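Trainee: Residue numbers (my numbering): 1 to 616. Even for Gly, the Cβ is constructed at its ideal location relative to N, Cα and C. Note that the structure is predicted; figures quoted are calculated from it, not measured. One structure, as structure tokens, below. Some questions next.
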């Protein structure tokens with residue numbers, strides 16, 4: 001009765017619990033008793049710690065065996081190569097300059113990387129020279145690089161002889177200083193050269209009051225003009241700037257053209273176009289004490305030395321050969337006497353031999369000494385020529401010396417006016433087109449950089465092309481003047497005329513026209529004139545003395561005064577200079593009229609202040 005009240009689950013529950021507990025116990029015994037619970041997988045295989053160490057030991061043993069007995073690879077069979085043709089007889093050869101210049105590096109400055117744009121430095125203070133002469137100036141050769149427009153500020157001259165007056169502006173180009181600026185800004189070594197594209201000049205004219213006019217651009221004569229875009233357009237792709245397509249070729253082209261034409265750009269050859277080359281002059285000295293070898297470096301024709309005046313014959317004196325030999329030995333003393341020392345020693349010995357006063361023994365000794373000097377002098381000259389050749393090659397490779405030279409010749413300046421000049425350089429951007437080099441990508445689009453202006457030069461007056469001198473004044477006949485005019489490379493024979501109040505100064509004498517910008521506004525027979533003199537202490541004025549005066553008014557309203565006392569002295573000075581040029585052989589087609597010395601009283605001195613067309 002009791003078994004009928006118990007269900008199936010209740011009857012077998014104890015059995016189920018005992019079975020599950022037994023299974024758990026058996027699994028625990030297997031995992032933790034029979035089998036190691038720790039294992040690793042190697043190449044897809046599960047290994048226990050013991051099996052892992054056994055396998056590791058086996059692998060290490062195999063590695064050791066391979067190291068002890070490395071296998072010998074079987075070499076492929078060698079086959080003789082087949083030559084299908086003959087070796088060419090002419091091999092292409094790349095010509096490179098010997099001993100190229102080594103770029104300079106400064107300690108602590110690492111070239112390359114991101115850089116900022118460096119401006120072009122100003123040239124040195126200019127020096128001026130003036131001149132006039134007959135020249136044949138062909139039109140400039142204009143090269144349009146890329147999409148450049150025809151430049152408007154270029155003098156187009158006729159290929160025929162013409163009379164010119166000019167002011168030449170000389171200025172130094174700071175190549176080394178510019179290179180150091182590029183170096184300091186970490187420009188790449190190959191992009192530290194200054195490549196000049198153009199030399200620009202501005203001038204100021206001095207008014208009669210002494211005030212300088214506003215600067216205006218000078219348009220000098222040039223033989224070559226390279227015209228190109230100052231910058232190239234930028235484009236944007238995916239948010240990144242880039243140079244517009246096709247402009248990289250323009251940048252390379254203008255850099256190469258400017259590099260090749262540095263000499264023509266910096267120093268246009270004006271001198272060789274003149275009928276007489278020595279009419280174009282170089283300055284006696286450059287500001288800052290910079291010196292140049294004009295003939296060797298720039299092929300400038302220099303005037304020859306003035307001929308020495310003939311000296312009266314002197315009695316023949318016996319040469320003291322012992323004294324001459326002492327002088328020669330003093331010249332050649334030291335570790336390294338120069339070629340100038342040897343040349344001077346040779347001159348002293350030659351003079352002693354040519355004197356014909358030496359004894360036979362002394363003459364033989366002098367000749368032997370002279371021969372030994374000549375051998376050494378030849379060797380020195382060869383060494384100096386080789387050094388000069390290497391210097392010239394180095395300058396060519398580096399585009400010029402550390403301090404180069406530029407000049408412009410302004411043929412548009414007006415005779416009789418006083419000017420001062422300043423210059424600046426337009427140069428090619430060495431990093432043009434290299435966007436990744438600049439902090440500002442727009443700097444890479446600037447192809448041509450405009451440099452800073454130099455300082456103003458000292459003023460220079462272009463000599464007048466006409467001279468007017470007041471010779472005398474009379475109550476009845478008015479003022480008597482003498483007029484000189486420069487025309488076609490020569491001074492025309494002067495004319496003397498009497499002029500009266502209100503008369504314009506324009507004459508026709510023997511089919512020759514004379515014209516001077518002025519109308520007679522007054523004739524004064526006696527006006528006080530103060531003679532001006534200058535010495536080390538300054539300018540002084542002497543007591544006023546009466547002299548005849550002439551007052552002229554130009555077409556622009558400028559008033560000009562002429563004094564007999566002053567003009568006689570100025571006229572004498574002018575004629576003396578012209579005669580000096582003629583006597584020293586300086587070309588002058590038609591020398592000025594012979595000075596009338598008997599008509600000229602002693603010079604009383606220059607006037608207090610000279611302005612306008614005749615500042616001479």
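Do residue 350 and residue 370 have their C-beta atoms within less than 9 angstroms of each other?
Mentor: The sequence position of residue 350 within the chain shown is 350, counting from 1. The sequence position of residue 370 within the chain shown is 370, counting from 1. Closer than 9 angstroms, so yes.
Trainee: Rounded to the nearest angstrom, what separates residue 612 and residue 416 at their Cα positions?
Mentor: Position 612 of the chain shown, counted from the start, is the residue given in the question as residue 612. Position 416 of the chain shown, counted from the start, is the residue given in the question as residue 416. Any reading at residue 612 needs caution, since the residue's pLDDT is 40, under 50, leaving its predicted position unreliable; the model's value is listed next. When rounded, the distance between both Cα atoms is 7 angstroms.
Trainee: Rounded to whole angstroms, what is the Cα-Cα separation between residue 136 and residue 224?
Mentor: Residue mapping note: residue 136 aligns to position 136 of the chain shown, counting from 1. Residue mapping note: residue 224 aligns to position 224 of the chain shown, counting from 1. Those two C-alpha atoms are separated by around 16 angstroms.
Trainee: Roughly how far, in whole angstroms, is the beta-carbon of residue 402 from the beta-carbon of residue 175, given that I think they are within contact range, below 8 angstroms?
Mentor: The residue given as residue 402 occupies position 402 in the chain shown. The residue given as residue 175 occupies position 175 in the chain shown. Sure, about 6 angstroms apart at Cβ, within 8 angstroms.
Trainee: By the DSSP assignment, the alpha helix (DSSP H) with residue 183 in it spans what residues?
Mentor: Along the chain shown, one-based indexing puts residue 183 at 183. Run containing residue 183: 175-184, per the alpha helix (DSSP H) assignment.
Trainee: Can you name, in chain order, every residue of its own chain whose Cβ lies under 8 angstroms from the Cβ of residue 435, other than the five neighbours on each side?
Mentor: In the chain shown, the residue the question calls residue 435 occupies position 435. The answer, listed in chain order, is 241, 242, 243, 441, 444.
Trainee: Within 10 Å of its beta-carbon, does residue 324 have 16 or more other beta-carbons around it, so buried, or fewer, so exposed?
Mentor: Walking along the chain shown from the start, residue 324 turns up at place 324. Under this definition residue 324 is a buried residue.
Trainee: Please report the residue range of the beta strand (DSSP E) in which residue 69 lies.
Mentor: Locating residue 69 in the chain shown gives position 69, where the first residue counts as 1. No beta strand (DSSP E) contains residue 69, which DSSP labels as neither H nor E.
Trainee: Identify whether residue 370 lies in helix, strand or coil by the three-state DSSP scheme.
Mentor: Sequence index remark: in the chain shown, residue 370 carries index 370 (1-based). DSSP places residue 370 in helix when its eight states are reduced to three.
Trainee: Below 7 angstroms CB to CB, which residues in the same chain sit around residue 348 once its five sequence neighbours on both sides are set aside?
Mentor: Your numbering for residue 348 matches position 348 in the chain shown. 324, 327, 328, listed in sequence order.
Trainee: Just verifying my parser: in three-state terms, what is the DSSP assignment at residue 14?
Mentor: Residue numbering aside, residue 14 sits at position 14 when the chain shown is read from its first letter. Of the three classes helix, strand and coil, the one that applies to residue 14 here is helix, per DSSP.
Trainee: Could you check whether the segment 417-426 touches the segment 115-132, counting it as contact only if at least three pairs of C-beta atoms, one from each stretch, sit closer than 8 angstroms?
Mentor: Enough Cβ pairs lie closer than 8 angstroms, so yes.
Trainee: How about residue 357 and residue 317: do their beta carbons lie closer than 9 angstroms?
Mentor: In the chain shown, counting from the first residue as 1, residue 357 sits at position 357. In the chain shown, counting from the first residue as 1, residue 317 sits at position 317. Cβ atoms of residue 357 and residue 317: closer than 9 angstroms.
Trainee: Excluding sequence positions up to five away, which residues of its chain have a Cβ less than 7 angstroms from the Cβ of residue 39?
Mentor: Along the chain shown, read from residue 1 onward, the residue named residue 39 stands at position 39. Here the set comprises 46, 47, 48.
Trainee: Name the DSSP bridge partner or partners of residue 361?
Mentor: Counted from its first residue, the chain shown places residue 361 at position 361. None, per the DSSP bridge assignment.
Trainee: In whole angstroms, what separates the C-alpha of residue 446 from that of residue 165?
Mentor: Here residue 446 is taken as the residue at index 446 of the chain shown, counted from 1. Here residue 165 is taken as the residue at index 165 of the chain shown, counted from 1. Answer to the nearest angstrom: the Cα atoms are 38 angstroms apart.
Trainee: What is the DSSP secondary structure of residue 515, counted as helix, strand or coil?
Mentor: As a working mapping, residue 515 is identified with position 515 in the chain shown. Residue 515 falls in the strand class under three-state DSSP.
Trainee: CA-CA distance, residue 439 and residue 202?
Mentor: Translated into positions along the chain shown, residue 439 becomes position 439. Translated into positions along the chain shown, residue 202 becomes position 202. Spanning the two alpha carbons is a distance of roughly 33 angstroms.
Trainee: Considering only the beta carbon of each residue, do residue 571 and residue 547 sit closer than 9 angstroms?
Mentor: Taking the first residue of the chain shown as 1, we reach residue 571 at position 571. Taking the first residue of the chain shown as 1, we reach residue 547 at position 547. Their beta carbons are not under 9 angstroms apart, which means residue 571 does not touch residue 547 by this criterion.
Trainee: Among 482, 280, 265, which one has its Cα closest to the Cα of residue 272?
Mentor: For this step, residue 272 is matched to residue 272 along the chain shown. Minimum Cα distance to residue 272 is reached at 280.
Trainee: Give the DSSP-derived three-state secondary structure of residue 109 in the structure shown.
Mentor: To locate residue 109, count along the chain shown from 1; it is residue 109. Confidence at residue 109 is low in this model, with a pLDDT of 49, below 50, so the placement of that residue should be treated as unreliable; the coordinate-derived value is given next. In the structure shown, residue 109 sits in coil (DSSP, three-state: anything other than H, G, I, E or B).
Trainee: Determine the contact status of residue 197 and residue 254, defining contact as a CB-CB distance below 9 angstroms.
Mentor: Working through the chain shown from its first residue, we reach residue 197 at position 197. Working through the chain shown from its first residue, we reach residue 254 at position 254. Yes, the Cβ-Cβ distance between residue 197 and residue 254 is below 9 angstroms.
Trainee: Within 10 angstroms of the Cβ of residue 541, are there 16 or more other Cβ atoms? Answer buried if so, exposed if not.
Mentor: Against the chain shown, residue 541 aligns to sequence position 541. Classification for residue 541: exposed.
Trainee: Taking 8 angstroms as the threshold, find out whether the segment 454-473 comes into contact with the segment 548-563 through three or more Cβ pairs.
Mentor: The segment 454-473, when compared against the segment 548-563, does touch it at the 8 angstroms Cβ threshold.
Trainee: Does DSSP put residue 137 in a helix, in a strand, or in coil?
Mentor: To locate residue 137, count along the chain shown from 1; it is residue 137. Residue 137 falls in the coil class under three-state DSSP.
Trainee: To the nearest angstrom, how far is the alpha carbon of residue 52 from that of residue 64?
Mentor: As a position in the chain shown, residue 52 is number 52, starting the count at 1. As a position in the chain shown, residue 64 is number 64, starting the count at 1. Rounded to the nearest angstrom, the two C-alpha atoms are 19 angstroms apart.
Trainee: If you reduce the DSSP assignment to three classes, tell me which class residue 204 lands in.
Mentor: Within the chain shown, the letter at position 204 stands for residue 204. If DSSP states are grouped into helix, strand and coil, residue 204 belongs with the strands.
Trainee: Straight-line CA distance for residue 590 to residue 486?
Mentor: If you number the chain shown from 1, residue 590 lands on position 590. If you number the chain shown from 1, residue 486 lands on position 486. Low per-residue confidence applies at residue 590: pLDDT is 35, beneath 50, and the placement is therefore not dependable, though the value from the model is reported in the following sentence. Their backbone Cα atoms lie some 10 angstroms apart in a straight line.
Trainee: When DSSP labels each residue in this structure, what does residue 264 get in the three-state scheme?
Mentor: Position 264 of the chain shown, counted from the start, is the residue given in the question as residue 264. Residue 264: helix per DSSP, three-state reduction.
Trainee: Straight-line CA distance for residue 109 to residue 231?
Mentor: Position 109 of the chain shown, counted from the start, is the residue given in the question as residue 109. Position 231 of the chain shown, counted from the start, is the residue given in the question as residue 231. Unreliable placement is indicated for residue 109, whose pLDDT of 49 sits below 50; the coordinate value is still reported in the next sentence. Computed Cα separation, rounded: 29 angstroms.
Trainee: For residue 252, which three-state DSSP category applies?
Mentor: Here residue 252 refers to the residue found at position 252 of the chain shown. Correct three-state label for residue 252: helix.
Trainee: How about residue 226 and residue 265: do their beta carbons lie closer than 9 angstroms?
Mentor: As a working note, residue 226 is residue 226 in the chain shown. As a working note, residue 265 is residue 265 in the chain shown. Yes, the pair counts as a contact, with Cβ atoms nearer than the cut-off.
Trainee: How would you label residue 527, buried or exposed, when you count the other beta carbons within 10 angstroms and need 16 or more for buried?
Mentor: By 1-based counting over the chain shown, the position of residue 527 is 527. Buried, by the Cβ-count rule.
Trainee: Going by the CB atoms, is the gap between residue 419 and residue 459 shorter than 9 angstroms?
Mentor: Reading the chain shown from its first residue, position 459 is the one you call residue 459. Reading the chain shown from its first residue, position 419 is the one you call residue 419. In this structure, residue 419 lies closer than 9 angstroms to residue 459 by Cβ.
Trainee: Please report the straight-line C-alpha distance between residue 343 and residue 293, rounded to a whole angstrom.
Mentor: For the purposes of this step, residue 343 is taken as the residue at position 343 of the chain shown. For the purposes of this step, residue 293 is taken as the residue at position 293 of the chain shown. Looking at the two C-alpha atoms, the distance is approximately 19 angstroms.
Trainee: Are residue 515 and residue 505 closer than 9 angstroms when you measure CB to CB?
Mentor: Along the chain shown, read from residue 1 onward, the residue named residue 515 stands at position 515. Along the chain shown, read from residue 1 onward, the residue named residue 505 stands at position 505. Yes, the pair counts as a contact, with Cβ atoms nearer than the cut-off.
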